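Using our numbering, read the sequence shown as starting at 4 and increasing by one per residue.
The beta carbon of each residue, even a glycine, is placed where N, CA and C say it ideally should be.
The structure displayed is predicted, hence computed values, not measured ones.
Just below is one structure, and these are the notes that go with it.
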Amino acid sequence: MNEILVSINCITYNHQNYIAEAIDSFLMQKTNFKYEILIHDDASIDGTSDIIRNYSNKYPNIIKSIIQTENQYSKDVEVLSLNSRRAKGKYIALCEGDDYWTDPYKLQKQVDYMENNPNCGMCFHASDLIKVGKGKIDQIKPYNENCISTTEDIILGDGGFMATNSILYRKSIMNDIPNFYINAPVKDYPLQILTSAKNYAYYINQSMSVYRIGVEGSWTSRMNSKENKIEKLITLKKQIANMLNEFNEYSNHKYSNAIHKKIVEDKIEILIINKEIKALKSPEYKIIYDSLTLKQKIKIYARFYMPNVYIKFSNIKRKVKYKLLYNKFTSYY
């Protein structure tokens, strides 16, 4: 009872309108164990730092904050791992500074399962999706019941398969970090893959958090801006492919089929972005293309021949995918 069991890893940057809601959701957790709140503010230039200081002074035994004076990510420091290194808990829970938890028993439910199932490497759950100024617009809900989530599902699901703020994982899994994780351009996606492949991942079919999109100045909004948008996306997809190939070697090709399918799907996405739609029927892509449903094929052709209509109806989902896949809180350039 005297030892900290869970460390909450919260990375924040310019979240003055949201950080208090995040911290309050941590403090409301009802548990039969001790937990700590590790906040890393990466040199915010709004009022975020002052809010964190006030909370840290009020709850000095729970909240342990680092207020940077210089932005660390701009120096190529991986701030998510940096904050995790000081964790004392057996488990690490993730939540960015502009998101929050909604269930006061979230941590207890996840820890109960993990403690009773020592082979489980990660536990995650459903999450409500909120857009700033509009309220709830969707849910991140990969399954319809409590279940084990396969590594293949997680690979094919991209980084958007689960909400980052729903993740609780065993800290010990990251004691010997493999190169595919170190070299990855983002960290949440390979973290999901690693924790499920080393042990297994378990999904709780309850929405216990809120994932917020449309935050002004966030990395997601920058990704959706017109400036070099296509180049950024193509570069990132190629980097993800490299990460998956490295993971394939690391896992002795156990997940080759899923990895190959995911890489080909991303190549198809790049072809569509570059308007090379005829290449979709080439031998390299034919199997994947032929396996698509009629609805999926129609979406591809709509995106190519009617881009304005396609963009209008897919704008929200695209933004969601960017936020989940690219781990907004690790990109501040």
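Looking at residue j and residue i, is the spacing between their C-beta atoms short of 9 Å?
{"i": "Tyr103", "j": "Tyr21", "result": "yes"}
{"i": "Ile170", "j": "Gln195", "result": "yes"}
{"i": "Tyr258", "j": "Ile158", "result": "yes"}
{"i": "Asn74", "j": "Ala46", "result": "yes"}
{"i": "Arg173", "j": "Lys93", "result": "yes"}
{"i": "Ser152", "j": "Ala204", "result": "yes"}
{"i": "Glu268", "j": "Ile291", "result": "yes"}
{"i": "Pro188", "j": "Gln142", "result": "no"}
{"i": "Met246", "j": "Asn202", "result": "no"}
{"i": "Val82", "j": "Ile14", "result": "yes"}
{"i": "Glu155", "j": "Asn260", "result": "yes"}
{"i": "Tyr62", "j": "Cys126", "result": "no"}
{"i": "Tyr288", "j": "Leu274", "result": "yes"}
Measuring straight from C-alpha to C-alpha, what distance separates residue i and residue j?
{"i": "Tyr16", "j": "Ala96", "result": "18 Å"}
{"i": "Asn168", "j": "Glu99", "result": "7 Å"}
{"i": "Ile66", "j": "Leu239", "result": "34 Å"}
{"i": "Gly217", "j": "Ala166", "result": "15 Å"}
{"i": "Pro286", "j": "Lys270", "result": "13 Å"}
{"i": "Leu8", "j": "Val114", "result": "9 Å"}
{"i": "Lys281", "j": "Asn231", "result": "24 Å"}
{"i": "Asn251", "j": "Ile262", "result": "7 Å"}
{"i": "His18", "j": "His43", "result": "12 Å"}
{"i": "Gln209", "j": "Cys150", "result": "12 Å"}
{"i": "Tyr184", "j": "Leu85", "result": "14 Å"}
{"i": "Ile180", "j": "Pro121", "result": "20 Å"}
{"i": "Leu295", "j": "Ala305", "result": "15 Å"}
{"i": "Gln299", "j": "Thr72", "result": "47 Å"}
Can you find the residues in the same chain that come closer than 8 Å, C-beta to C-beta, to residue i, ignoring five residues on each side of it along the sequence?
{"i": "Gln32", "result": "Tyr38, Trp104, Pro107, Tyr108, Lys109, Leu110 and Gln111"}
{"i": "Ile276", "result": "Ile233, Leu236 and Ile237"}
{"i": "Arg56", "result": "Ser68 and Ile70"}
{"i": "Ala23", "result": "Ile54 and Tyr58"}
{"i": "Val135", "result": "Arg215, Ile216, Gly217, Val218 and Glu219"}
{"i": "Ile48", "result": "Asn17"}
Can you list, in chain order, the residues of its chain whose CB lies under 6 Å from that of residue i, leaving out five sequence neighbours each side?
{"i": "Phe3", "result": "Outside the displayed range of the chain (4 to 336) lies residue 3, so it cannot be described from this structure."}
{"i": "Tyr192", "result": "Gly162"}
{"i": "Ile11", "result": "Phe29, Ile40 and Ala96"}
{"i": "Ser224", "result": "Here the model assigns Ser224 a pLDDT of 47, short of 50, so the residue's position is not dependable and the matter cannot be decided."}
If you drop the 5 nearest sequence neighbours on each side, which residues of the same chain put their C-beta closer than 7 Å to that of residue i?
{"i": "Lys284", "result": "Tyr292"}
{"i": "Val213", "result": "Asp102, Tyr103, Thr105, Ser130, Asp131 and Ile133"}
{"i": "Gly124", "result": "Tyr172, Arg173, Ile176, Thr198, Ser199, Lys201, Asn202, Tyr203 and Ala204"}
{"i": "Tyr58", "result": "Ile26 and Ile66"}
{"i": "Lys91", "result": "Ile7, Ser10 and Glu39"}
{"i": "Lys265", "result": "Ile158, Leu159 and Leu247"}
{"i": "Glu148", "result": "Asn208"}
{"i": "Asn178", "result": "none"}
Answer yes or no: the CB of residue i versus the heavy atoms of the ligand MG, is any distance below 8 Å?
{"i": "Gly163", "result": "Ligands displayed in this structure: none; no statement on the ligand MG is therefore possible."}
Subject >> Completely contained alpha helix (DSSP H) runs for the region 217-304, where each covers 4 or more residues >> reply: 222-226, 232-253, 259-276 and 286-294
**OP:** Could you pull out every unbroken beta strand (DSSP E) segment of at least 3 residues lying fully inside the region 56-122, listed in chain order?
**Re:** 66-70 and 94-97
Original post:
Unbroken alpha helix (DSSP H) runs of length 4 or more, entirely within the region 129-173: which are they?
Top reply: Considered as a whole, the region 129-173 harbours 154-159 as its complete alpha helix (DSSP H) runs of no fewer than 4 residues, in chain order.
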